[in-house]
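Enquirer:
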Amino acid sequence: MAEIAMMSGFALILLGIFGALTNRNLLRMIVAFSIASTGVNVVLVSIGYLPGRTAPILDAAVPLESAAAQIVDPVPQALVLTAIVIGLGVTALMLAYAYSLFRHRKSLDISDFTELKW
Amino acid sequence: MSIDWPRIGYAALTLFIVINYGMIMTALVRKIGARVSGRYGIRIYQNYIDLVKNIALRSKITHGVMYYLGPVFRLTGGVGLLLFVPTIYGSAMWSNFSFAGDLVLALYFVFFGTLGMALGAAESGHPYSAIGITRGLSQVTVAELPLALAVFAISLQYQTLNITDIVAAQQGGIFNWTLFTNPVATLAALFAFVGTMMRSPFDVVIAPQEIPIGPPTEYHSSYLALMQTNRVLFPIAKTVIYMNLFFGGATNWFEFAIKVFAIYMISVLVGVVHPRFRVEQSITFFLKWGLPVGVLAILLV
Amino acid sequence: MVSPILIIAIGLGAAFLLGFVNEDRKGIAFALTLAALAAMSLIALGWTLAFAAGNAQTADILTAGFPPPFAINLRMGPAEAALSLLVAATGFLSAIYMRDALYRHGRRAMAVLLVAIMALTGIVMTRDIFNLFVFFELIVIATGGLVLLSEDRRALAAGFKYLVVAQVISIMLLIGIAFVYHAMGSLNIDDIGPVALGFSGAGLALFLVLVALFLELKPFPANGWALDIYESAHPGFSAIFSAASGSAALFAADKVLATSPAWLPLATAIGIITFIGANILALRQNNDRRLLGYSSVAQIGLLLTIVGQRDLLGDSYLFIAGGVLVAHAIAKAGLFWMSGLVGHRDLKDWAVLRANPVLIFAFATFVAMLVGLPPFPGFYAKWDLAHILMAGDRAWLVALILIGALIEAGYLFRWFGFATKREAPEGFPGFSVNKMGIVFVTLLAGWTSGWIWGDLSANPNVLSMVPVLFALAFLVLEPLPARIKNLIAIAGLVGWFVFRYPAYDPLQLVFAIIILVGGAVIFLASFNWQGRRLGFYPPAMLMYAGLAMLIEAETSFTFFASWEILTLGSYFLILRGKMSEPHALSYIAFSLGGAFAILAGFALAANGTQPFEMAALADVAQTAAPYVFILLAVGFMTKTASIGLHIWLPGAHAEAETDVSPMVSGILLKAGLFGLWVLLMHMGQTQFYGINLTYFLVWIGAISAFLGGLMAIFQEDAKRLLAYSSISQMGYALFSLALMNHLGWLLALMFVINHYVYKSMLFLAVGGVYARTHTKLMYKMGGLITLMPFSFVSVLIGIIAMSGVPPLSGFGGRWVFYNAIMTADMRLPIILIFLSGPIGFLYLFRLIHSIFLGQLKDEHRKLKEAPFWLLVPQMIFVLFLLAFAVVPGLILRRVDAYISTFFPEGGLEWTSGGIISEFGYWNPVAIMLVIGVIFVSVFLLLLWMNHDAQKVKQFNIGFAGERPYRPETTHFAWNFFAPYRKAMGFLVLPVVTTFWNAVTDVLHETADFARKFYTGNGQTYALQALGFVVVLFLIGSGGTP
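This is the structure:
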């Protein structure tokens, strides 16, 4: 199960990066990066997953004394939350950039923005 | 410091003898040359007549201070060179002022007159003078090179820079001369000797047909008289150095006269049978022939 | 002590508070921003000072009340404090600098700036690897925002490209962090155990983290995105991006690397490739900010290299890395801020800075800081780094670092040359006071950091050396009139000489006389300049300070510091000439190359011991000794302009100002000679594969003497002629020094003295003529003897002395020379020396003939004698030469005795009747007397016969009965030695120049070709970043089992 999650996570990452590198359209690139960061998040979660354990919520089903042996690792899940938030911010910023670039340059093609080079 | 009057007297006497000897010898050489080519040639006392004529000239001009001093430098160079080198071996008095410096002094004092003359002639503003100077200076730099190497070789051979000591080492028979003990060095030095005697094939400096007489073009009257005096004196002063270094020196004035004449005739003989070199040709000649012999000389010691 | 967490809290809090400020109350928002940044800086400053004073201990700050790894902890140690200060202060200054842009964009922009600075301090302080990631992402977002402060529209595209690459990096970082956590079970950096170098499991995880951090450092060649930002962003932000972001990211990499030393070689490799690669590419940059970008990338690369060497550096690590980092940060921030003062983006547009001399001084300071010259932190760091690496058998790395640094120095100094020499634009509107103030503060910070590093260093502080301080004092005195400054300068030189006199040994004494007393004599000529003469005295005195310290240096450090100081001073001095720009550049390039060779040589010799006494050179291990010898000799020979390393000299000396030429020729060249002297004194018998190394020096000296002279005779420019003659003279001196016998050394010393005198004299004479004729081309002159008699006399005496004709002092040199070679082992090189003597005569005659003799030109008929103050030193030199010719023993006798301590054999005997050697004798007084008497007699004779000679006019010459047309056609001067050129011209083909040109051309062409790599396409950049990782992985996993 964890292997499948991790594999699909990596597949998403590669897919995303491939998409970001092959699509010239800014919006498609941003979407591709979103896919890739989703993939990263999947990988993160899959790392924390331990087979046969339960969610890391301390309640009646998971007594405090044996919690460490029963729950999956909560830290990666916390990390994922943070990563999602950050990913949101970056995606928003990129979209704003894409908007602004289109407004000023009337183009969404990344290869049109090569006036800075060498 | 007390003045050594006898020494000064001997020096003046040396000068007197050498100038007169030179006057006659150079006239004789010219006469021989004329006879060889079937002419009668000049009278043997012609040089004296020329000298008096030049001094007596009434039209005298000057182009400036250096122009005026040029002949003075020139003659000082000749006289000084003669007196800084011991003339007669074995005589304290005929050694003149050689106590002031050794072989190195003689080698470098040669340039004193050259420099002064070049400066004086250059001030005249005559382009031929300048052309003559550039030719002369260009040529002499390489012409002197074999001599410098030869001198280095023999000073290594004798382990001294003292001319008197070098002559002393050659006494006791003709085969003690450097000519025989170190023929390679002697040969190298003779390249330089022929090259700096202002005779064909190395006389493009004064090339009469091209640039009247080169550096002295503008000189006349007493200037020319001084330079003429130098022209009989200076080659002998130089020949004396060669005589002392390579041909055993001279123990009396008779030997002196014979040896100087014989050595002088080397350049004459070479001259009469060779046409004139252009400057770059003579430079190449000395680098191609003179230099290797000189190098051989210092390597063989 | 205030809790360091407040730095982060204040930044974050103020950014939130800005949200409550009314959009229109920009003043309040800006004040709040500044206050927050100031508070952050002050807290960091407080910690830094506390650490400096030893009052503070490294503190761990726990958050959320749990110890790590259950909660994030921050750490405040000395490095963290200093870096936080650097980051916050850069932010503070940049905020002031960007005031207009921040006002325009309002409080949101200010908030973003605060977040950026806060996040940077966070990166510095945090010990949690995931927290590191969060801060990095914050910086990405903040950078994306701040880039837009620029008025340059292109910044928009640059920002997007940056975000694209940042996404790729963050993906890698996050995966890496996840797997590190998986492997280690902790996110705390201190729990990341030593991970062995490997590319699977934990190794792969750490590899991903590290490579992501490296990519944040913009490694070559995966850095196009960063360059675009540098080029287009607001310079205020670029300063942060370079100085603060770079430093923080570097520290992050350092933190992670510290856990697993096995990975250090990776950092070293990436760092050094980046350092060299970025510097080469920078060579072809014309855009100032992009150039600074390349340079920033390179500097960070150098720092990464140093990080990679931390295993070797041990206790010195912080001092070295800190020195380079501080120098880089201050200089780069300063330069970016300065670029905001310049209206246009071409490097040549920096000429506008000349409107304010302090800005030029600031520019010079920043360039010197980047290159690592004294008295700045980079210098001490470079010194220690080279020593430790050499002792650790990493000479190859020292070589690579120094090569990279040399290339960097090349383009930085070229740029500085543009600024000082190119045409300043018309209609200049003036500088913003605000921005200029920031630059001045940075300038002050730069010098302060120099003092601090000097103080921290185990070696003496350059800024507490009296001569250096005296020279720097002239910066303050600049407003005074030149003549007063000149008086102070002369008093300083003479005063120092008198003060130090008792401490000199005879050898030092001779050099001291030339440098200090001789320098003062040349300064007499400087009275000729009126006005304030800005920018002349500080570099001149810096050069003299370096020289004065050099001859007294007892340790290799003082020696090297003095060497660099005199190099720097002389560079600025040479640069002053009207046409000096390319020549000054080639001078500094060769000099720094030489200096680096010296540094490597000293480092190799010291083998880790510091301070290293100069005398200990004699005890260097047999295996290292030949290399030490070669490195030092090559270094010193760049200064003596030995053949092969000589091409800088003619232009540098010929194009310098009239009174500078004698300083840099007559005096400065002696520094190289002094170095060689010290080298031979201690290591003269060093063998290399059985061959004595002095053998090569003899050859090099002889070839220099010969070819230098040969090149001199073909010059039409009088000062170039003299310059080439210096190559020849220095060749002589090197030759005689390397003979390694008693008289050889005496001869070298005579050359030292004579060369100073006649080269100074001739340069001043030619300079005086130039002041009147406004040309240096000799064939355009002629016949000046009657108009400039004094100048003529000094040239005449100079010529006689220099050519070695008796009776003047040059002859003494020839005499000693002949005696010296009598005992020399080598004979072949002597042939060249024999030939170069008469050649010297040729070019000197050309000099005097073409200028003073021959035909006077029409336009020169009304010229006056050279300026009075130029003649004064010349006449002093004339008198000296005459005196030295008669009584050479006054100076030489003591030195002769001193040399006997090294070579007891073969000394001279000084008697009343002359000087006697083993082989010959020489009586200067008698020679002078005899020649004098003969000369006067002949002269009187001529006067008697010819006293009534009539002075005739110029054209009254025997010219086939005609009058010459014009002086121009009659003055035979151009191509004076044409026959010589026909015969020997092939020897002076510019082979060496062609070679060095080819070297620079190849570098430039490589740069021009390679920079096409940065296509400007964001996707290409992302691909390059990925490719970088893949290549690194393949090389890494291929290289480890």
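Same order as they appear, the protein sequences are chains A, B and C. Just so you know, we're using the working numbering here: the first sequence kicks off at 463 and counts up by one. Just so you know, we're using the working numbering here: the second sequence kicks off at 1388 and counts up by one. Just so you know, we're using the working numbering here: the third sequence kicks off at 89 and counts up by one. The beta carbon of each residue, even a glycine, is placed where N, CA and C say it ideally should be.
May I ask you to report which of helix, strand or coil DSSP gives methionine 1412 of chain B?
Expert: helix
Enquirer: To the nearest angstrom, how far is the alpha carbon of alanine 1555 of chain B from that of phenylalanine 1634 of chain B?
Expert: 11 Å
Enquirer: Measure the C-alpha to C-alpha separation of tyrosine 675 of chain C and isoleucine 731 of chain C and round it to an integer number of angstroms.
Expert: 14 Å
Enquirer: For tryptophan 1392 of chain B, is the classification buried or exposed, using 16 other Cβ atoms within 10 angstroms of its Cβ as the cut-off for buried?
Expert: So tryptophan 1392 of chain B counts as exposed.
Enquirer: Is the beta carbon of leucine 835 of chain C less than 8 Å from the beta carbon of valine 786 of chain C?
Expert: no
Enquirer: Tell me whether methionine 637 of chain C sits in a helix, a strand or coil according to DSSP, three-state version.
Expert: helix
Enquirer: Helix, strand or coil: which one does DSSP assign to aspartate 216 of chain C?
Expert: strand
Enquirer: For asparagine 375 of chain C and glutamine 618 of chain C, I'd like the C-alpha separation in whole angstroms.
Expert: 38 Å
Enquirer: Using 8 Å as the limit for Cβ to Cβ distance, is leucine 560 of chain C near chain B?
Expert: no
Enquirer: Please work out which residues of its chain come closer than 7 Å, Cβ to Cβ, to methionine 1072 of chain C, disregarding the five sequence neighbours upstream and downstream, and give them in chain order.
Expert: The residues are Leu798.
Enquirer: Note down, in chain order, each residue of its chain lying with its Cβ closer than 6 Å to the Cβ of glutamate 168 of chain C, except the 5 sequence neighbours on either side.
Expert: Val212, Met213
Enquirer: What whole-angstrom Cβ distance do isoleucine 887 of chain C and leucine 932 of chain C have, given they're in contact under 8 Å?
Expert: 4 Å
Enquirer: Given a limit of 7 Å on CB to CB distance, which residues of the stretch 390-423 of chain C reach chain B?
Expert: none
Enquirer: Who are the near neighbours of alanine 1113 of chain C in its chain, counting only those whose CB is closer than 6 Å to its CB and skipping five residues on each side?
Expert: Val253, Val256, Leu303, Ala310
Enquirer: Under the rule that 16 or more other beta-carbon atoms within 10 Å means buried, what is leucine 531 of chain C, buried or exposed?
Expert: Here leucine 531 of chain C is buried: its Cβ has 16 or more other Cβ atoms, across all protein chains shown, within 10 Å.
Enquirer: Taking just the CA atoms, how far does leucine 1462 of chain B sit from glutamate 1642 of chain B?
Expert: 25 Å
Enquirer: Note the first and the last residue of the continuous alpha helix (DSSP H) segment covering alanine 350 of chain C.
Expert: That residue, alanine 350 of chain C, is in no alpha helix (DSSP H); it is neither H nor E in DSSP.
Enquirer: For isoleucine 1650 of chain B, which option in B:Met1630, B:Gly1464, B:Asp1437 has the closest C-alpha, if you only look at C-alpha atoms?
Expert: B:Met1630
Enquirer: Looking at C-alpha atoms only, which residue of C:Leu837, C:Ala811, C:Leu827, C:Lys945 is the closest neighbour of threonine 861 of chain C?
Expert: C:Lys945
Enquirer: Indicate the three-state DSSP secondary structure (helix, strand or coil) for alanine 147 of chain C in the structure shown.
Expert: strand
Enquirer: Applying a beta-carbon distance threshold of less than 9 Å, which residues of chain C neighbour valine 552 of chain A?
Expert: Glu225, Val228, Ile229, Gly232, Leu251, Ala254, Gln255, Ser258
Enquirer: Would glutamine 962 of chain C and leucine 852 of chain C be called neighbours here (beta carbons separated by less than 8 Å)?
Expert: Result yes, Cβ atoms of glutamine 962 of chain C and leucine 852 of chain C sit closer than 8 Å.
Enquirer: Is the stretch 322-342 of chain C touching the stretch 229-245 of chain C, taking contact as three or more C-beta pairs under 8 Å?
Expert: yes
Enquirer: Any residues in the stretch 859-872 of chain C with a beta carbon nearer than 7 Å to a beta carbon of chain A? Which ones, in chain order?
Expert: none
Enquirer: Out of C:Leu733, C:Tyr632, C:Ser668, which has the shortest C-alpha to C-alpha gap to glycine 682 of chain C?
Expert: C:Leu733
Enquirer: Taking 6 Å as the limit between beta carbons, can you name the residues of its chain near phenylalanine 267 of chain C, skipping five residues before and five after?
Expert: Ala293
Enquirer: State yes or no: is the beta carbon of valine 268 of chain C nearer than 8 Å to at least one beta carbon in chain A?
Expert: No, because no Cβ of chain A sits closer than 8 Å to the Cβ of valine 268 of chain C.
Enquirer: Distance check for isoleucine 509 of chain A and valine 297 of chain C, CA to CA, integer angstroms please.
Expert: 16 Å
Enquirer: Give a yes or no on whether 8 Å exceeds the smallest Cβ distance from aspartate 316 of chain C to chain A.
Expert: yes
Enquirer: Shorter than 8 Å from the beta carbon of proline 1514 of chain B to some beta carbon of chain C?
Expert: yes
Enquirer: With a Cβ-Cβ cutoff of 8 Å, do isoleucine 572 of chain A and methionine 469 of chain A count as a contact?
Expert: no
Enquirer: Are the stretch 1007-1020 of chain C and the stretch 1481-1495 of chain B touching by the rule of at least three beta carbon pairs closer than 8 Å?
Expert: yes
Enquirer: In chain order, what residues of the same chain lie with their CB nearer than 7 Å to the CB of glutamine 1433 of chain B, ignoring the 5 residues before and after it?
Expert: Excluding positions up to five away in sequence, the list reads Ala1414.
Enquirer: Ignore the nearest five residues each way along the sequence and tell me which others in leucine 520 of chain A's own chain have a CB closer than 7 Å to its CB.
Expert: Its chain contains Leu526, Ala529 as the residues whose beta carbon lies nearer than 7 Å to that of leucine 520 of chain A, once the 5 sequence neighbours on both sides are disregarded; these appear in chain order.
Enquirer: Can you tell me where the alpha helix (DSSP H) with isoleucine 489 of chain C in it begins and where it stops?
Expert: 483-509
Enquirer: Can you tell me the Cβ-Cβ gap for alanine 467 of chain A and valine 502 of chain A, rounded? I've got them flagged as a contact below 8 Å.
Expert: Not confirmed; about 12 Å, so no contact.
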